Amino acid sequence: MKRLINKILFGLTLTGGSLGLHSCGDWLDINSNELAATKTEAGYLFNYAAINYSSKRVGGDQWLPIIYAAQVASDADNWFVGADMYNISTYATGNGWVTSYSSCGYNLLKAIEFATGENDSNSVAQCKILLANTVWESSMLYGDIPYSEAWNIEGTQTPKFDTQKDVFYSVIGLLDEALDGIDESNSKRIDKYDIYYTGDMAKWRRLGNSLKLKFYMYLANKEDVGDEIKAIIDGGELMNSSADDFVFPFYTTPGNQNPNYQLTVQYPDYYEYCFFANPTVLDPMKALDDPRIPIYFRANADGEYISLEASEKGSVVTDKEISEKPSLCTEAVFQKNNLLRADYPDVICSYAETMFYVAEAYVRGLGVAKDLAQADAAYRKGIEASCVYNGVAAATAASFAAGVPSLSTLGGDDKALEAIASQQRIEMMMRPLEAWSNQRRTGYPALEVPASIRNFYPGIMHRWPYPEREGSVNDNVPHVDGVWTKMWFEN
Numbered sequence: 029m030k031r032l033i034n035k036i037l038f039g040l041t042l043t044g045g046s047l048g049l050h051s052c053g054d055w056l057d058i059n060s061n062e063l064a065a066t067k068t069e070a071g072y073l074f075n076y077a078a079i080n081y082s083s084k085r086v087g088g089d090q091w092l093p094i095i096y097a098a099q100v101a102s103d104a105d106n107w108f109v110g111a112d113m114y115n116i117s118t119y120a121t122g123n124g125w126v127t128s129y130s131s132c133g134y135n136l137l138k139a140i141e142f143a144t145g146e147n148d149s150n151s152v153a154q155c156k157i158l159l160a161n162t163v164w165e166s167s168m169l170y171g172d173i174p175y176s177e178a179w180n181i182e183g184t185q186t187p188k189f190d191t192q193k194d195v196f197y198s199v200i201g202l203l204d205e206a207l208d209g210i211d212e213s214n215s216k217r218i219d220k221y222d223i224y225y226t227g228d229m230a231k232w233r234r235l236g237n238s239l240k241l242k243f244y245m246y247l248a249n250k251e252d253v254g255d256e257i258k259a260i261i262d263g264g265e266l267m268n269s270s271a272d273d274f275v276f277p278f279y280t281t282p283g284n285q286n287p288n289y290q291l292t293v294q295y296p297d298y299y300e301y302c303f304f305a306n307p308t309v310l311d312p313m314k315a316l317d318d319p320r321i322p323i324y325f326r327a328n329a330d331g332e333y334i335s336l337e338a339s340e341k342g343s344v345v346t347d348k349e350i351s352e353k354p355s356l357c358t359e360a361v362f363q364k365n366n367l368l369r370a371d372y373p374d375v376i377c378s379y380a381e382t383m384f385y386v387a388e389a390y391v392r393g394l395g396v397a398k399d400l401a402q403a404d405a406a407y408r409k410g411i412e413a414s415c416v417y418n419g420v421a422a423a424t425a426a427s428f429a430a431g432v433p434s435l436s437t438l439g440g441d442d443k444a445l446e447a448i449a450s451q452q453r454i455e456m457m458m459r460p461l462e463a464w465s466n467q468r469r470t471g472y473p474a475l476e477v478p479a480s481i482r483n484f485y486p487g488i489m490h491r492w493p494y495p496e497r498e499g500s501v502n503d504n505v506p507h508v509d510g511v512w513t514k515m516w517f518e519n
C-alpha cells in the first residue's frame, strides 16, 4: 500500500507541475518559452501567468505539503506522507520558486511593459494586483525573498533578499499604483484573457483594496498601521459580496481540471482516503452544528463525524479489513464529489475572508474604534457568505449565521478573536497556504509538532526551506536554522 501511495505523491508532483503547460494549449495559444515572449498583447502574458499561478497553488508541489504540515487536514500517519510531513521536497520548493519568479513574475512584468507602451493603465493595474499577491505568497512560504532586484536579469544574477517587512510594504505600494491607475471609463483593459473578472475594473478596484486590508492585517502585529486600516474600511470599497471573489476556475474538460480530481481518477479506490478531517477544523464546526459539515466531510457508517489528529494512526492503517476497503474507515474523510471534483475552483481571496479581517479590526481597535457590534456584523456576513459559497441553502446559511453566539458573549476580546480565526480556518480549509498563514499571524489554533516527528523538530513548521538550487547560485540566500524558525510577521 505504501508503495502505491508513494506513486501517488510522485504523480501529483508531475500533474501539478505540468498542468499549467498542458492547460495553456486549452485556454490560449501562447509562447511556450515565457522568457522569449514575442506577442506584445499584455493579456496573453497575464493569462499565462494566471494559469501557472493557480497550477502552483493547487498542485502537488504546494497544496499537498501545506495541507498536512499546517494540520488543516490529516493523513492517518504513513498513509501519504507520515513522518515526512515537514520534509518538503526540493522539487516542490524549486518548482514553486521558478513558477513564482519566471512563469508568473517575469511574464507579468513584461505584460506591464507592453501595456505601459500602449498607455493602458487598466491592464497595468490588473497585472500589478496579481503580481502583488504572487509576491506576498512567496514571502509567506520563505520569509525574506528577492524583490527589488529580482527581475533585473541584466543587472545582477544574484539578487539580494529583501526583508519580509520591506516586501510587505513593496506589495502594498504595488497595489497603490494599481488602484491609482484604474480608470473605469477607459475601455482599454484585459478582458478576453482576464479569467477572473473579464475586465470588470470595479471588481479589480475592490480586490485591490481588499488585498491591501489583508496585507496591513499581516503588518499589524509589528507595525502601527491602524490609520491605514481605518482608511480602507472607511473607504467602503472592499469586496461587497461573493460575486467579487478572486477565483481561478477549473473545468470538467480534460486539461482544464483541478489537479486533485485527476488523481481521484487515476487512483479511484485510494486517493480520497488520503484526506481526513483535522480536529482544528471539524471540532469547532461540530460545536456549532455547522451546516457545512456534510459538504466538507463524509460521515462514517454510523453517521458520525470523527476527526483525526495530525499523524495519528487512523483506522485505514490500524485495521487490516479497512486497509483493504478504506470506505469502511471510522473517521470523516473529505467529500470527494464536492472538494475533489474536476471544477473545484482556486479561491485566492474571498469576500468572506475580507469580512473576517474587518471583524478582527473592530475587535482589536486597529485604527477604527473598538466596536463589537460592528465586528459581529462583519463576522456574521463572513460566515453566511462562506456557507452559501460552499453550497448551503441561502435561508439555512442566513439562519446559521444569525444564530452563532455574539462575539461580545464569548468572554473577552481574546475569545472573540479566537472565534474569528476559527471561522477563517474553516473558510480556508481548501486554501491551505492561507490557512497556514493566518494561523501563524493569529496564533490560533495553537499547534504542536505531530507526534510522529516530534523527536526531529523543536517546533512546528513556520516556513519552507529555500530551494537548494537557489542556494547553489546565490550567496545572498539567508541562513535559517530550520523550518521551525518563525517569520518576522508572526504573532
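All letters in the sequence shown, in the order written, are residues 29 to 519 by the working numbering.
Beta carbons are placed, not taken as given, at the ideal position from N, Cα and C, and that holds for glycine.
Here the structure is a predicted model, which means the values were calculated and not measured.
DSSP beta-bridge partners of residue i
i: Phe325; result: Phe362
i: Val275; result: Val375
i: Ile173; result: Asp190
i: Ser198; result: According to DSSP, which records beta bridges pairwise, Ser198 is partnered with nothing at all.
i: Ala447; result: Answer is none; Ala447 lacks a bridge partner.
i: Phe304; result: Ser102 and Val361
Alpha-carbon spacing of residue i relative to residue j, whole angstroms
i: Val344; j: Arg326; result: 15 Å
i: Ala389; j: Ala178; result: 33 Å
i: Thr424; j: Val416; result: 9 Å
i: Asn59; j: Leu336; result: With a pLDDT of 43 at Asn59, under the threshold of 50, the predicted position of this residue should be treated as unreliable, though the coordinate-derived value follows. Distance between the alpha carbons of Asn59 and Leu336: 46 Å.
i: Leu158; j: Tyr494; result: 23 Å
i: Glu265; j: Phe362; result: 35 Å
i: Ala248; j: Lys443; result: 19 Å
i: Asp105; j: Leu367; result: 21 Å
i: Ile448; j: Tyr246; result: 15 Å
i: Ala370; j: Tyr221; result: 22 Å
i: Leu461; j: Pro287; result: 16 Å
i: Met267; j: Val505; result: 37 Å
i: Arg482; j: Ser130; result: 36 Å
i: Cys377; j: Lys250; result: 23 Å
i: Trp464; j: Gly88; result: 16 Å
i: Ser166; j: Arg459; result: 15 Å
i: Asn15; j: Tyr76; result: Residue 15 lies beyond the range of the chain shown here (29 to 519); nothing can be said about it.
i: Leu202; j: Ala160; result: 6 Å
i: Lys188; j: Ile173; result: 8 Å
i: Ile36; j: Tyr295; result: Per-residue confidence for Ile36 stands at a pLDDT of 39, beneath the threshold of 50, marking its modelled position as unreliable; no derived number is given.
i: Ile95; j: Ala101; result: 6 Å
i: Trp512; j: Glu69; result: 44 Å
i: Phe303; j: Phe196; result: 33 Å
i: Ser351; j: Asn365; result: 22 Å
i: Arg491; j: Thr437; result: 35 Å
i: Tyr333; j: Ala429; result: 21 Å
Which listed residue (the options) has its alpha carbon closest to that of residue i
i: Cys155; options: Ser167, Phe196 and Glu205; result: Glu205
i: Asp148; options: Ile257, Ser117 and Glu212; result: Glu212
i: Tyr224; options: Ser238, Gln192, Pro373 and Ser166; result: Pro373
i: Val375; options: Ser450, Met457, Ile350 and Tyr129; result: Met457
i: Asn418; options: Arg408, Gly440, Phe384 and Ile454; result: Ile454
i: Tyr385; options: Ala360, Val511, Lys193 and Asn466; result: Asn466
i: Arg233; options: Val152, Ser198 and Pro307; result: Val152
i: Ala338; options: Gly87, Ala98 and Gly263; result: Ala98
i: Phe142; options: Leu73, Leu207 and Tyr175; result: Leu73
i: Asp399; options: Lys258, Lys188, Ile79 and Val420; result: Lys258
i: Ser480; options: Lys341, Leu445 and Asp228; result: Lys341
i: Leu445; options: Ile94, Asn519, Ala77 and Asp503; result: Asn519
i: Ile79; options: Thr121, Ala413, Ser128 and Lys514; result: Ser128
i: Ser500; options: Ser269, Val511, Thr118 and Gln90; result: Thr118
i: Thr193; options: Thr358, Asp318, Ala397 and Asp252; result: Here the sequence assigns Lys to residue 193, which means Thr is not the residue at that position. Considering only alpha carbons, the answer is Asp252.
i: Asn226; options: Asn150, Lys138, Ser82 and Arg468; result: Contrary to the premise, residue 226 reads as Thr rather than Asn in this sequence. Selected option, being the one with the closest Cα: Asn150.
Cβ separation of residue i and residue j, assumed to be a contact under 8 Å, to the nearest whole Å
i: Tyr114; j: Tyr485; result: 6 Å
i: Trp164; j: Val126; result: Incorrect: roughly 18 Å between the Cβ atoms, too far for contact.
i: Cys310; j: Val432; result: Checking the sequence shown, residue 310 turns out to be Leu, not Cys. Contact doesn't hold; Cβ gap of about 16 Å is too wide.
i: Tyr379; j: Ser450; result: Incorrect: roughly 18 Å between the Cβ atoms, too far for contact.
i: Ala387; j: Ala403; result: 4 Å
- Query: Taking three-plus beta-carbon pairs below 8 Å as touching, is the segment 179 to 196 in contact with the segment 213 to 225?
  - Reply: no
- Message: Quick test of the definition: if touching needs 3 or more C-beta pairs under 8 Å, does the segment 496 to 504 touch the segment 467 to 476?
- Response: Contact between the segment 496 to 504 and the segment 467 to 476 is absent, because fewer than three Cβ pairs lie under 8 Å.
- Any chance the segment 267 to 274 sits against the segment 285 to 302, with 3 or more Cβ pairs inside 8 Å? no
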